[in-house]
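In our numbering, the protein residues as written are 166 to 266.
Glycine included, every Cβ here is placed at the ideal spot set by N, Cα and C.
Presented below is the structure to which this report refers.
Here's what the structure looks like:
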(Lines of atoms letter the chains of each structure in order from A and count residues from 1; the text may use other names and numbers.)
(Lines give C-alpha, C1' and ligand atoms only; values in the text may rest on other atoms or scores of the structure.)
Protein backbone atom coordinates (compact mmCIF):
# COMPACT_ATOMS: atom_id res chain seq x y z
CA UNK A 1 0.00 0.00 0.00
CA UNK A 2 1.26 3.47 -0.75
CA UNK A 3 1.42 6.07 2.01
CA UNK A 4 -0.53 8.63 -0.03
CA UNK A 5 -3.65 6.46 -0.08
CA UNK A 6 -3.24 5.74 3.63
CA UNK A 7 -2.94 9.47 4.37
CA UNK A 8 -5.96 10.28 2.18
CA UNK A 9 -8.05 7.71 4.04
CA UNK A 10 -9.55 6.51 0.74
CA UNK A 11 -8.02 4.97 -2.36
CA UNK A 12 -6.91 7.63 -4.84
CA UNK A 13 -8.24 5.60 -7.78
CA UNK A 14 -11.40 4.47 -5.96
CA UNK A 15 -12.39 7.17 -3.43
CA UNK A 16 -15.50 5.30 -2.27
CA UNK A 17 -13.21 2.70 -0.62
CA UNK A 18 -11.62 3.39 2.75
CA UNK A 19 -7.97 2.49 2.42
CA UNK A 20 -7.44 0.49 5.60
CA UNK A 21 -10.82 -1.26 5.44
CA UNK A 22 -10.48 -2.83 1.99
CA UNK A 23 -6.90 -2.54 0.68
CA UNK A 24 -7.34 -5.56 -1.58
CA UNK A 25 -9.15 -3.49 -4.20
CA UNK A 26 -6.21 -1.10 -4.57
CA UNK A 27 -5.17 -1.13 -8.24
CA UNK A 28 -1.79 -1.88 -9.74
CA UNK A 29 -2.29 1.29 -11.80
CA UNK A 30 -2.28 3.40 -8.65
CA UNK A 31 0.76 1.60 -7.25
CA UNK A 32 2.84 1.69 -10.43
CA UNK A 33 1.63 4.48 -12.70
CA UNK A 34 0.69 7.37 -10.41
CA UNK A 35 3.89 9.28 -9.56
CA UNK A 36 2.53 10.78 -6.33
CA UNK A 37 1.64 7.31 -5.03
CA UNK A 38 5.07 5.87 -5.86
CA UNK A 39 6.85 8.93 -4.40
CA UNK A 40 4.93 8.50 -1.13
CA UNK A 41 6.62 5.08 -0.79
CA UNK A 42 5.04 1.75 0.11
CA UNK A 43 4.12 -0.09 3.26
CA UNK A 44 3.33 -3.65 4.24
CA UNK A 45 -0.02 -3.89 5.97
CA UNK A 46 -0.87 -6.03 8.96
CA UNK A 47 -4.18 -7.91 8.96
CA UNK A 48 -6.90 -6.62 11.30
CA UNK A 49 -6.61 -7.98 14.83
CA UNK A 50 -10.36 -8.55 15.11
CA UNK A 51 -13.27 -9.25 12.77
CA UNK A 52 -14.38 -6.11 10.97
CA UNK A 53 -11.29 -4.23 12.12
CA UNK A 54 -8.96 -2.14 10.02
CA UNK A 55 -5.63 -3.08 8.53
CA UNK A 56 -2.63 -1.27 9.96
CA UNK A 57 0.90 -0.49 8.84
CA UNK A 58 3.32 -3.24 9.83
CA UNK A 59 6.41 -1.99 7.95
CA UNK A 60 7.51 1.04 5.97
CA UNK A 61 9.48 -0.14 2.93
CA UNK A 62 11.35 3.13 2.41
CA UNK A 63 12.86 4.24 -0.88
CA UNK A 64 14.86 1.09 -1.67
CA UNK A 65 12.05 -1.27 -0.73
CA UNK A 66 9.56 0.73 -2.77
CA UNK A 67 11.85 0.66 -5.81
CA UNK A 68 12.28 -3.12 -5.45
CA UNK A 69 8.50 -3.60 -5.24
CA UNK A 70 7.90 -1.46 -8.35
CA UNK A 71 10.54 -3.43 -10.28
CA UNK A 72 9.13 -6.79 -9.18
CA UNK A 73 5.53 -5.84 -9.96
CA UNK A 74 6.53 -4.47 -13.36
CA UNK A 75 8.28 -7.77 -14.21
CA UNK A 76 5.20 -9.75 -13.17
CA UNK A 77 2.94 -7.57 -15.32
CA UNK A 78 5.33 -7.85 -18.28
CA UNK A 79 5.39 -11.64 -17.92
CA UNK A 80 1.60 -11.81 -17.72
CA UNK A 81 1.35 -9.71 -20.88
CA UNK A 82 3.74 -12.05 -22.71
CA UNK A 83 1.66 -15.05 -21.62
CA UNK A 84 -1.51 -13.30 -22.79
CA UNK A 85 0.01 -12.55 -26.22
CA UNK A 86 1.26 -16.13 -26.57
CA UNK A 87 -2.09 -17.65 -25.55
CA UNK A 88 -4.05 -15.32 -27.83
CA UNK A 89 -1.83 -16.30 -30.76
CA UNK A 90 -2.04 -20.02 -29.88
CA UNK A 91 -5.84 -19.93 -29.54
CA UNK A 92 -6.29 -18.10 -32.83
CA UNK A 93 -4.24 -20.81 -34.60
CA UNK A 94 -6.13 -23.55 -32.77
CA UNK A 95 -9.55 -22.17 -33.72
CA UNK A 96 -8.57 -21.53 -37.34
CA UNK A 97 -7.36 -25.13 -37.62
CA UNK A 98 -10.62 -26.44 -36.12
CA UNK A 99 -12.65 -24.49 -38.65
CA UNK A 100 -10.70 -26.04 -41.54
CA UNK A 101 -11.49 -29.60 -40.40
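Could you please give me the residues that DSSP links to residue 229 through a beta bridge? Paired residue(s): none; residue 229 is not in a bridge.
Can you tell me whether residue 178 is helix, strand or coil according to DSSP? Residue 178: coil per DSSP, three-state reduction.
Between which two residues does the alpha helix (DSSP H) carrying residue 199 extend? If you look at residue 199, you'll find it isn't in any alpha helix (DSSP H); DSSP assigns it neither H nor E.
Distance, residue 257 Cα to residue 224 Cα: C-alpha separation (whole angstroms): 46 Å.
Return the chain-ordered list of same chain residues with a C-beta closer than 6 Å to the C-beta of residue 201, the five sequence neighbours on each side being excluded. Excluding positions up to five away in sequence, the list reads 169.
Residue 205 classed as buried or exposed, judged by whether at least 16 other C-beta atoms fall within 10 angstroms: So residue 205 ends up on the buried side.
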